Structure formats: C-alpha cells, structure tokens
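A.B. asks:
Protein chains: 2
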Amino acid sequence: MTDGPVIILVHPQLVENIGMAARAMANCALAELRIVKPRDPWPLGEAHQRRISGAASGADYILDGARLYEKVEEAIADLNYVYATAARTHDMVNKIFTPRAAALDMKARALAGQKTGVMFGPERTGLVNDHIVLANAKITVPLNPAFTSLNLAQTVLLVGYEWYQAQNETPPLQTHYGDSRPATCEEYLNFYRRLEEELEAAGFFVADHMRPAMTRSLQSMLQRAEMTEQEIRTWHGVISALVNGPKRSDKSKA
Amino acid sequence: MTDGPVIILVHPQLVENIGMAARAMANCALAELRIVKPRDPWPLGEAHQRRISGAASGADYILDGARLYEKVEEAIADLNYVYATAARTHDMVNKIFTPRAAALDMKARALAGQKTGVMFGPERTGLVNDHIVLANAKITVPLNPAFTSLNLAQTVLLVGYEWYQAQNETPPLQTHYGDSRPATCEEYLNFYRRLEEELEAAGFFVADHMRPAMTRSLQSMLQRAEMTEQEIRTWHGVISALVNGPKRSDKSKA
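Residue numbers (numbering that gives the first Met the number 0), protein chains in the order written: chain H, 0 to 253; chain R, 0 to 253.
(1) Taking the Cβ atom as the reference point for each residue, do Val81 of chain R and Gly112 of chain R lie within a distance shorter than 8 Å?
(2) Quick one: list the residues of chain R neighbouring Ser52 of chain H, beta-carbon separation under 9 Å, in chain order.
(3) Can you tell which of H:Glu228, H:Val205, H:Glu197, H:Ala54 has the C-alpha that lies nearest to the C-alpha of Leu241 of chain H?
(4) Leu133 of chain H: which of H:Gly57, H:Phe146, H:Leu151, H:Ala74 sits nearest, CA to CA?
(5) Report all residues from its chain with a CB closer than 7 Å to the CB of Trp234 of chain H; omit the five preceding and five following residues, and keep chain order.
(6) The beta strand (DSSP E) that contains Lys137 of chain R, what's its start and end?
(7) Starting from Val14 of chain H and walking both ways along the alpha helix (DSSP H), at which residues does that stretch end?
(8) Rounded to whole angstroms, what's the CA-CA distance from Glu228 of chain R to Ala54 of chain H? Just pull it up for me.
(9) At the 8 Å Cβ level, is Pro121 of chain H part of the contact set with chain R, yes or no?
(10) Going residue by residue through the region 67-100 of chain R, where are the continuous alpha helix (DSSP H) segments of at least 4 residues, counting only ones entirely within it?
(11) So Ser56 of chain H contacts chain R; which residues on that side make the cut at Cβ distance below 7 Å?
(12) Taking Ala85 of chain H as the reference, give the member of H:Ile138, H:Ala212, H:Gln222 with the closest Cα.
(13) At a Cβ cut of 9 Å, what residues of the region 61-83 of chain H count as close to chain R, listed as they run along the chain?
(14) Quick check on Gln113 of chain R - is its C-beta less than 8 Å from some C-beta in chain H?
(15) If contact is defined by three or more beta carbon pairs under 8 Å, each pair taking one atom from either stretch, is the region 138-157 of chain R in contact with the region 17-29 of chain R?
(16) Mind listing the chain R neighbours of Gln12 of chain H? Cutoff is C-beta to C-beta under 9 Å, in chain order.
(17) Measure the C-alpha to C-alpha separation of Ile61 of chain H and Ser52 of chain H and round it to an integer number of angstroms.
(18) Just grab the DSSP bridge partners of Met118 of chain R for me.
(19) Within 10 Å of its beta-carbon, does Ala83 of chain H have 16 or more other beta-carbons around it, so buried, or fewer, so exposed?
(20) Taking a Cβ distance cut-off of 8 Å, strictly less, list which residues of the region 153-168 of chain R are near chain H, in chain order.
(21) Taking the beta strand (DSSP E) that Val35 of chain R belongs to, which residues open and close that run?
(22) Kindly list the residues whose CB is nearer than 8 Å to the CB of Glu186 of chain H, restricted to its own chain and excluding five residues on each side of it in sequence; keep chain order.
(23) Please state the DSSP three-state secondary structure of Pro181 of chain R.
(24) Leaving out five residues on either side along the sequence, give the residues of the same chain with a beta carbon under 8 Å from the beta carbon of Leu149 of chain H.
(25) Mind checking if Pro141 of chain H is an interface residue toward chain R, Cβ cutoff 8 Å exclusive?
(26) Measure how close the beta-carbons of Thr1 of chain H and Asn79 of chain H come, nearest whole angstrom, since I'm counting them as under 8 Å.
(27) Leaving out five residues before and five after Ser179 of chain H in sequence, what residues of the same chain have Cβ atoms less than 8 Å from its Cβ?
(28) Just curious, the alpha helix (DSSP H) that Pro170 of chain H is in, first and last residue?
(29) Where DSSP assigns a beta bridge to Thr154 of chain R, which residues make up the other side?
(30) Would you tell me roughly how many angstroms separate the C-alpha atoms of Tyr212 of chain H and Leu67 of chain H, rounded to the nearest one?
(31) Of the residues R:Trp162, R:Gly202, R:Arg49, R:Gln218, which one's Cα is nearest the Cα of Pro98 of chain R?
(32) Any beta-carbon of chain R closer than 8 Å to the one on Ala224 of chain H?
(33) Exposed or buried, what is Val205 of chain H when buried is set at 16 or more other beta-carbons lying within 10 Å of its beta-carbon?
(34) Measuring only the C-alpha atoms, how far is Arg123 of chain H from Ala109 of chain R?
(35) On the criterion of 16 or more Cβ atoms from any shown chain inside 10 Å, does Asp129 of chain H qualify as buried, or is it exposed?
(36) Got a sec, what are the start and stop residues for the alpha helix (DSSP H) Val242 of chain R sits in?
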C-alpha cells in the first residue's frame with residue numbers, strides 16, 4: 000500500500016466533525032491529519048475532548064497525531080501536490096478531479112515519491128478562493144446536482160474510500176522529472192511572493208481592487224504547470240534578469 | 000438514469016442517523032426510504048422531529064415520503080432483488096458484492112425492470128442472520144480491516160455514491176428470464192414458509208436447536224438461485240407431489 004494523502008482540515012468549526020473526519024480516515028487507513036486554525040482553542044478543553052473523542056469512535060490515535068497550523072501555507076509547505084475539495088465551480092482555470100481519478104493520481108504520485116495532501120474547507124462555506132489557489136487541482140464529488148451539500152466527514156470518507164479502492168489499481172503513466180524533483184508548495188509560495196513583490200515594485204498593479212484576482216490568476220496558472228525545483232530556480236533567475244535590466248552582458252554585445 | 004435501489008433501514012436507533020441517511024440519499028439522488036420498526040415511535044414527536052430534520056439538512060422530502068413497516072419481510076415483499084449490508088463474514092454461503100460491483104448489478108437489474116433494495120442494520124449490531132438470509136446477496140465495503148466501523152449514514156452514502164457513479168457505466172450482461180419474470184421477495188417467502196411447514200409436519204427437524212440454522216441454510220441456497228415466478232410455482236408443485244406421495248400416476252405405472 001502506498002502512502003496516503005495528508006488530510007488537511009481548514010478552519011473546521013465543530014469538534015464533532017473533526018472527530019468524525021478522523022474516524023473516516025481510520026476507516027480508509029489514512030494516518031496523517033493536519034488542522035489549520037480550528038474554531039475551538041487547541042489543545043481542547045475537557046468538554047470538547049469528550050465530544051471529539053465520542054465522534055472519533057476509537058480513531059483517537061489519529062487525533063493524537065494531528066498537527067496544528069496557523070495558516071494553510073504552513074500546513075502544505077512540505078507537500079508536492081495538493082488537492083482542494085470544492086463543490087462549486089470557481090472562476091479560476093483549474094484541473095478538476097473526481098475522487099476516483101484523484102485517487103489514482105495520488106497513488107501514482109506516491110509511487111513517484113511525492114507527498115500529497117487534500118484540503119477540506121470549513122463546514123458551511125467551504126474553501127475560499129485564496130486557499131483553493133494554493134492547491135494544484137480541485138476534487139469535486141459528482142453527486143446529485145440538486146443536492147450537493149455533503150458534510151465534512153462524508154467528504155473525507157469519499158476521498159479516503161476512493162484512495163483505499165485505488166490501491167488495487169494500476170495508475171496511468173506519470174511524468175518523469177529528469178534529474179530534478181517536483182517542487183514543494185513552499186518553493187512555489189516563495190516564488191509567488193517574490194513575483195508579487197517585484198510586480199508591486201514595478202507598478203504592475205494599477206488598480207488595487209484588481210490585485211487579488213490577478214495574483215490568483217498568475218498563481219493558478221503556475222500551479223498547473225507542476226514545476227520542478229530546478230524550474231522554479233530558473234524562474235527566479237528570469238525575474239532577477241528582468242528586474243535588473245540590461246547590464247552590458249554578452250547578450251548586449253551581440 | 001435508472002431507478003435507484005430502495006433504502007431499507009432495519010431497526011434504526013437514533014433519529015439523527017435516519018436524518019443523515021436521508022441526506023446521504025438526497026446527495027446520491029436516491030428517493031425511496033423504508034424504515035422497519037425504528038426505536039422511537041413514529042410519527043415522531045416534536046423534539047424528535049426537530050432532531051431528524053436538523054440531521055436531514057434539507058432532505059426532509061425523503062423523510063416525508065418514507066414508509067414504515069413492522070417487519071423486514073413486509074418491507075421487501077415487492078422487491079425482486081435485495082442486498083444486505085454487512086461488515087463481518089457470517090457462516091452462510093453468500094454472494095458478496097463490493098458497493099461498486101453491487102452498483103453495476105443494481106443498474107443492470109433496473110434496466111431489466113427489476114426493483115432492488117438495500118438493507119442496513121441497526122447502528123451497533125448490524126443486521127442479524129435472520130434478516131441477512133432474506134437478502135439475495137451481501138454488500139461489504141472494502142475498507143481498513145483494522146477499523147471497519149462505519150456509521151449508518153456513511154454506509155448509505157457509500158452505497159448511494161457508487162450507484163450514482165455507475166449511471167455512466169455499462170453493466171455486464173444480465174440473465175434473460177424467458178417468458179417469466181424474477182420472483183418477488185414475497186413469493187420466495189411464501190415458498191420458504193410452506194417448505195418449512197411441510198418439513199415440520201414430516202418430522203424433518205429432529206432437534207429443535209438445529210432448526211434455525213437448517214432453515215437459514217435452505218433459504219440462503221434457494222435465494223442464490225434467483226428463481227423466476229414460474230420456477231417457484233414449479234417448486235410448489237414439487238412439494239405438493241412429494242407430500243401427497245404416490246397416487247397411481249403415470250409414473251407409478253411405469
């Protein structure tokens with residue numbers, strides 16, 4: 000069996016749902032839970048502890064091993080490929096997987112040594128665009144379009160269930176990365192930050208209200224490219240070159 | 000889209016679980032809910048009504064259309080093929096489907112005009128053997144063998160999810176029934192009852208404690224045969240002939 004994806008709960012509201020998500024993870028032999036800024040203070044008080052443990056129904060070992068984060072960016076920093084679960088269509092260009100197709104993709108990546116993760120948004124609102132854009136792809140569960148509201152633990156269960164089923168299937172062919180390796184989310188994020196700073200300094204963002212949409216659009220596009228660590232370094236070089244301008248280099252002599 | 004299976008909840012204990020099962024059904028575009036002797040008196044009192052409706056999260060239309068039954072036998076009487084969800088292996092010979100394979104089977108049966116149903120047992124104990132034997136096949140969800148406890152609504156969700164996914168797939172070839180049609184559960188049950196009575200009268204059950212296991216074993220075997228209505232009538236004739244003994248028929252003259 001390959002390593003399963005890390006399950007990342009973003010701003011979960013109810014401890015019961017965290018407990019039930021842990022139980023669903025145990026059902027599917029998934030082990031690694033990360034929680035970004037839950038509503039209730041962590042470590043939990045006694046009453047909350049009782050409620051979460053009741054909902055986990057014996058999957059406490061997953062809760063005990065869970066790691067807490069302040070921000071989504073930190074929770075995914077070490078991952079190579081991140082999926083965002085989202086029910087609705089957002090206005091960005093995105094790869095959209097079914098849970099079944101995503102499961103095969105996760106398996107292929109695990110076999111290639113990549114570490115994957117799946118983000119789940121808060122109960123009522125789901126993931127916001129600023130978090131979805133941090134992912135490389137979306138997962139949308141194909142269900143009754145007239146009634147799509149799935150609870151948090153059920154979405155975790157369906158993703159985990161498909162991952163578990165996919166362990167017996169052969170994934171499609173995967174990308175070969177040559178001498179490099181796929182970049183981590185942290186490497187991507189460093190690059191975006193730098194790009195944004197440079198664009199800011201260059202006066203690229205003429206109207207402030209356009210800025211989030213433009214940033215997200217650049218980010219989403221680069222995310223889909225699935226760059227290697229080497230390619231990101233190359234891009235850093237590109238930005239440096241562009242910022243510093245012509246310098247009587249070999250090229251300017253030509 | 001083909002007609003989905005009827006969802007049959009056998010002795011559900013908590014109204015919240017019935018509500019969540021209805022929500023999972025709505026997610027998967029399943030419409031017909033049958034409830035056999037729930038723990039709480041039905042129609043529900045005001046407090047229970049609030050709890051079930053909260054859990055259903057908008058799927059009240061499924062609860063409103065739900066039908067109540069005193070016995071499993073009545074709840075499945077009109078169905079042609081019934082699946083029993085069960086996590087553990089029981090001591091009967093049984094066809095065991097994964098939810099995915101069952102979904103294709105359901106679709107094929109629906110296309111052939113059969114009405115199917117899936118039974119789900121009470122929360123803690125699951126279905127008892129006496130109820131499992133009424134089904135033609137079992138559904139077992141392949142999940143982490145070290146942590147198989149799924150809650151009721153989650154099991155409904157996984158079965159419904161696979162049924163919904165199967166709508167885009169072509170089912171394998173199905174049985175052709177000639178001029179007859181598949182028997183209903185009621186026709187099977189009438190036959191078992193009669194067979195048991197005749198065996199009783201004939202002194203077949205030498206030890207009373209052996210009786211349940213023997214009856215179940217006969218029932219399970221006949222269930223797997225997937226008889227037509229015509230074949231069941233033939234069997235009734237067989238029993239009559241055996242019971243009434245030789246009657247100077249053509250055969251005895253031979």
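Glycine is no exception: its CB is placed at the ideal position from the N, C-alpha and C atoms. Just so we're clear, the structure is a prediction, and the values are computed from it rather than from any experiment.
C.D. replies: Reading off the structure:
(1) Numbered from 1 along the second sequence, position 82 holds the residue referred to as residue 81 of chain R. Numbered from 1 along the second sequence, position 113 holds the residue referred to as residue 112 of chain R. With respect to the 8 Å criterion, Val81 of chain R and Gly112 of chain R are not classified as neighbours on the basis of their beta carbons.
(2) For the purposes of this step, residue 52 of chain H is taken as residue 53 along the first sequence, with counting starting at 1. Within 9 Å Cβ-Cβ: nothing; Ser52 of chain H doesn't reach chain R, min ~14 Å.
(3) For the purposes of this step, residue 241 of chain H is taken as residue 242 along the first sequence, with counting starting at 1. Among H:Glu228, H:Val205, H:Glu197, H:Ala54, the Cα nearest to that of Leu241 of chain H is on H:Glu197.
(4) If you number the first sequence from 1, residue 133 of chain H lands on position 134. The residue with the shortest Cα to Cα distance from Leu133 of chain H is H:Ala74.
(5) Residue mapping note: residue 234 of chain H aligns to position 235 of the first sequence, counting from 1. So the qualifying residues of the chain are Phe190.
(6) On the second sequence, position 138 is the one that residue 137 of chain R refers to. Note, Lys137 of chain R: beta strand (DSSP E), 136-138.
(7) Counting from one through the first sequence, the residue named residue 14 of chain H turns up at place 15. Run containing Val14 of chain H: 14-26, per the alpha helix (DSSP H) assignment.
(8) In the second sequence, residue 228 of chain R corresponds to position 229, counting from 1. In the first sequence, residue 54 of chain H corresponds to position 55, counting from 1. A straight line joining the alpha-carbon of Glu228 of chain R with that of Ala54 of chain H spans about 47 Å.
(9) Translated into the one-based positions of the first sequence, residue 121 of chain H becomes position 122. Using a Cβ-Cβ cut-off of 8 Å, Pro121 of chain H does not count as an interface residue toward chain R, since no Cβ of chain R sits closer than that to its own.
(10) 71-75
(11) The residue labelled residue 56 of chain H in the question sits at position 57 within the first sequence. Ser148, listed in chain order.
(12) Looking up residue 85 of chain H in the first sequence gives position 86. Among H:Ile138, H:Ala212, H:Gln222, the Cα nearest to that of Ala85 of chain H belongs to H:Ile138.
(13) Result list empty, no residue passes.
(14) Counting from 1 along the second sequence, the entry for residue 113 of chain R is found at position 114. For Gln113 of chain R, the nearest beta carbon of chain H is not closer than 8 Å to its own beta carbon.
(15) Yes, the region 17-29 of chain R touches the region 138-157 of chain R.
(16) The residue you call residue 12 of chain H lines up with position 13 of the first sequence. Those within 9 Å of Gln12 of chain H in chain R number zero; the least Cβ separation is about 15 Å.
(17) Stepping through the first sequence from its first residue, residue 61 of chain H is reached at position 62. Stepping through the first sequence from its first residue, residue 52 of chain H is reached at position 53. Computed Cα separation, rounded: 11 Å.
(18) Translated into the one-based positions of the second sequence, residue 118 of chain R becomes position 119. Looking at the DSSP assignment, Met118 of chain R forms a beta bridge with R:Ile7, R:Ala83.
(19) Here residue 83 of chain H corresponds to residue number 84 of the first sequence, with the count starting at 1. Residue environment for Ala83 of chain H: buried (at least 16 other C-beta atoms within 10 angstroms of its C-beta).
(20) Hits within the stretch, in order: Gln153, Leu156, Leu157, Tyr160, Tyr163, Gln164.
(21) The count along the second sequence starts at 1 and reaches residue 35 of chain R at position 36. 32-35 is the span of the beta strand (DSSP E), which, as asked, contains Val35 of chain R.
(22) Numbered from its first residue, the first sequence carries residue 186 of chain H at position 187. Cβ neighbours of Glu186 of chain H beyond the five flanking positions: Glu228, Ile231.
(23) Here residue 181 of chain R refers to the residue found at position 182 when the second sequence is read from its first residue. Three-state DSSP puts Pro181 of chain R in a strand.
(24) What you label residue 149 of chain H is simply residue 150 of the first sequence in a count that begins at 1. If we look at Leu149 of chain H and ignore the five residues flanking it on each side, its Cβ neighbours are Ala86, Val140, Leu142, Leu157.
(25) The sequence position of residue 141 of chain H within the first sequence is 142, counting from 1. Yes, its Cβ sits closer than 8 Å to a Cβ of chain R.
(26) Mapped onto the first sequence, residue 1 of chain H falls at position 2. Mapped onto the first sequence, residue 79 of chain H falls at position 80. So it is not a contact: roughly 14 Å between Cβ atoms.
(27) Your numbering for residue 179 of chain H matches position 180 in the first sequence. So the list reads Thr227, Glu228, Gln229, Glu230, once near-sequence residues are dropped.
(28) As a first step, residue 170 of chain H is located in the first sequence; it is residue number 171 there, counting from the start. Run containing Pro170 of chain H: none; DSSP gives neither H nor E here.
(29) Within the second sequence, the letter at position 155 stands for residue 154 of chain R. DSSP, once it has assigned bridges, lists no residue as partnering Thr154 of chain R.
(30) Reading the first sequence from its first residue, position 213 is the one you call residue 212 of chain H. Reading the first sequence from its first residue, position 68 is the one you call residue 67 of chain H. In the sequence under discussion, the amino acid at residue 212 of chain H is Ala, which differs from the Tyr named in the question. Cα to Cα, Ala212 of chain H sits roughly 29 Å from Leu67 of chain H.
(31) Taking the first residue of the second sequence as position 1, residue 98 of chain R is located at position 99. Put simply, of R:Trp162, R:Gly202, R:Arg49, R:Gln218 the residue whose alpha carbon is nearest the alpha carbon of Pro98 of chain R is R:Trp162.
(32) Here residue 224 of chain H is taken as the residue at index 225 of the first sequence, counted from 1. So no, Ala224 of chain H is outside the interface.
(33) Taking the first residue of the first sequence as 1, we reach residue 205 of chain H at position 206. So Val205 of chain H ends up on the exposed side.
(34) Locating residue 123 of chain H in the first sequence gives position 124, counting from the first residue. Locating residue 109 of chain R in the second sequence gives position 110, counting from the first residue. Distance from the CA atom of Arg123 of chain H to the CA atom of Ala109 of chain R, rounded to whole angstroms, is 36 Å.
(35) Sequence index remark: in the first sequence, residue 129 of chain H carries index 130 (1-based). Exposed is the call here.
(36) To locate residue 242 of chain R, count along the second sequence from 1; it is residue 243. First-last of the alpha helix (DSSP H) with Val242 of chain R: 228-243.
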